[in-house]
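In the numbering used here, the protein residues as written are 1298 to 1673. Each remark here refers to the structure printed beneath this line.
Now the structure itself:
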């Protein structure tokens, strides 16, 4: 990771981060669709197929173990980039709009209809619990997390203006890094905050904050970032966790060590993914750019569409894996063309779905280039 990348002057130095972010967002489509077809006892999802296969359980658990940790590291990296270029006040105002508008619009106008279509009756928007528990956020919980993290970072920068200089001087070796994430993973198992309508998953807020903060550190401190990405130990950590989760999860003590190990695994996976996508950055082309540009819209819309399209296709007598591929690919294509056909061309829709100011040329202090690279 570079020390001070900027999309307008050094695009090749961050394109792999933007591409990885898009990959992780789109992977959410395949993750949530897999929940329809997994083996289950009483843990029902929004819709459930009468046909199931254990492969979807393994796939969903694997994706869940690394996708959001890697995503929040990237989100923190881009947050630091915008703060460095425009200042923390402009950054915060921009994030509140870019994240808050889609959260409120989809959470209030679209998610209730998805909930009404859900098999899980407890998620009905006709119940007060649906609103008070934060269920109305559904898959948009990550926007809630980013808004909360933005508030925290804004306060830290205002109360401690020299924080960036201290980050640049920081020496953080790999052992300390693993230790910090292990302890934090343990804390996230026991942390609980009072529930209120804006908090969907309080443990997720605590669990993912160090990943976001580490992303900020990686942008400001080239040495820490380089040591993290180029560690071959990351591959060993990933393999060790996967082996342990398969062989030890039936033992009682696994419940107590899973949090710390999962935190370390998420960190190591992020390092592996960043290194892989950095090595593939030469393959970047217009098609990948178009997909990356649509990835935010794809993630925002995919879960309601999976539920609605799922009702049309689930139960049809075709191979379960073919059914899964049809559902995921059709959802991605629908969202992709919706983004490029409407979101990019109609200012009001762009504002509601991506939080882009309707008069972006006059009303947005951050140029469109910076938006497209760091919108998450």
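From the three backbone atoms N, C-alpha and C, an ideal C-beta is built for every residue, glycine too.
- Linking residue 1508 to residue 1460 through their CA atoms gives a straight-line distance of about 17 Å.
- Cβ neighbours of residue 1636 within its own chain (closer than 6 Å, five residues either side excluded): 1591, 1594.
- CA-CA distance, residue 1611 to residue 1480, rounds to 42 Å.
- Contact annotation, residue 1478 with residue 1564: C-beta distance approximately 5 Å; criterion of less than 8 Å satisfied.
- In this model, residue 1646 and residue 1456 are separated by some 37 Å (Cα to Cα).
- Distance from the Cα of residue 1369 is smallest, within the candidate group 1587, 1582, 1566, 1656, for 1566.
- Looking from the CA of residue 1651, the closest CA among 1396, 1445, 1601 belongs to 1396.
- Contact between residue 1596 and residue 1325 holds: their C-beta atoms lie close to 5 Å from each other, under 8 Å.
- DSSP places residue 1499 inside the alpha helix (DSSP H), whose first and last residues are 1499-1517.
- Annotated three-state conformation of residue 1350 is coil, per DSSP.
- Excluding residues up to 5 positions away in sequence, 1562, 1565, 1566, 1569 lie with their Cβ nearer than 7 Å to the Cβ of residue 1535 in the same chain.
- Assignment of residue 1342 by DSSP, reduced to helix, strand and coil, places it in the coil class.
- For the stretch 1431-1493, the full-length alpha helix (DSSP H) segments reaching 4 residues or more read 1438-1456, 1460-1466, 1471-1487 along the chain.
- A buried status is given to residue 1408, since no fewer than 16 other beta-carbon atoms sit within 10 Å of its beta-carbon.
- The way I'd put it, the stretch 1508-1523 does touch the stretch 1364-1380; three or more beta-carbon pairs between them come closer than 8 Å.
- Within 10 angstroms of the beta-carbon of residue 1529 lie fewer than 16 other beta-carbons, which makes it exposed.
- Within the model, the alpha-carbon separation for residue 1353 versus residue 1337 is close to 11 Å.
- Remark: C-beta atoms of residue 1578 and residue 1313 approach each other more closely than 7 Å.
- DSSP places residue 1390 within a helical segment (H, G or I) once states are collapsed to three.
- Residue 1411 and residue 1523 have their C-alpha atoms some 43 Å from each other.
- CA-CA distance, residue 1629 to residue 1603, rounds to 10 Å.
- Looking at the backbone, the Cα of residue 1320 and that of residue 1588 are separated by about 9 Å.
- Residue 1377 is classed as buried because its beta carbon has at least 16 other beta carbons within 10 Å across all chains shown.
- Assignment of residue 1358 by DSSP, reduced to helix, strand and coil, places it in the helix class.
- With a 10 Å radius around the Cβ and a threshold of 16 neighbouring Cβ atoms, residue 1571 comes out buried.
- Here residue 1548 carries a coil assignment [DSSP, helix/strand/coil].
- Distance from residue 1617 to residue 1334 at the Cβ level is roughly 6 Å; contact confirmed, criterion being Cβ atoms closer than 8 Å.
- Within 10 angstroms of the beta-carbon of residue 1504 lie 16 or more other beta-carbons, which makes it buried.
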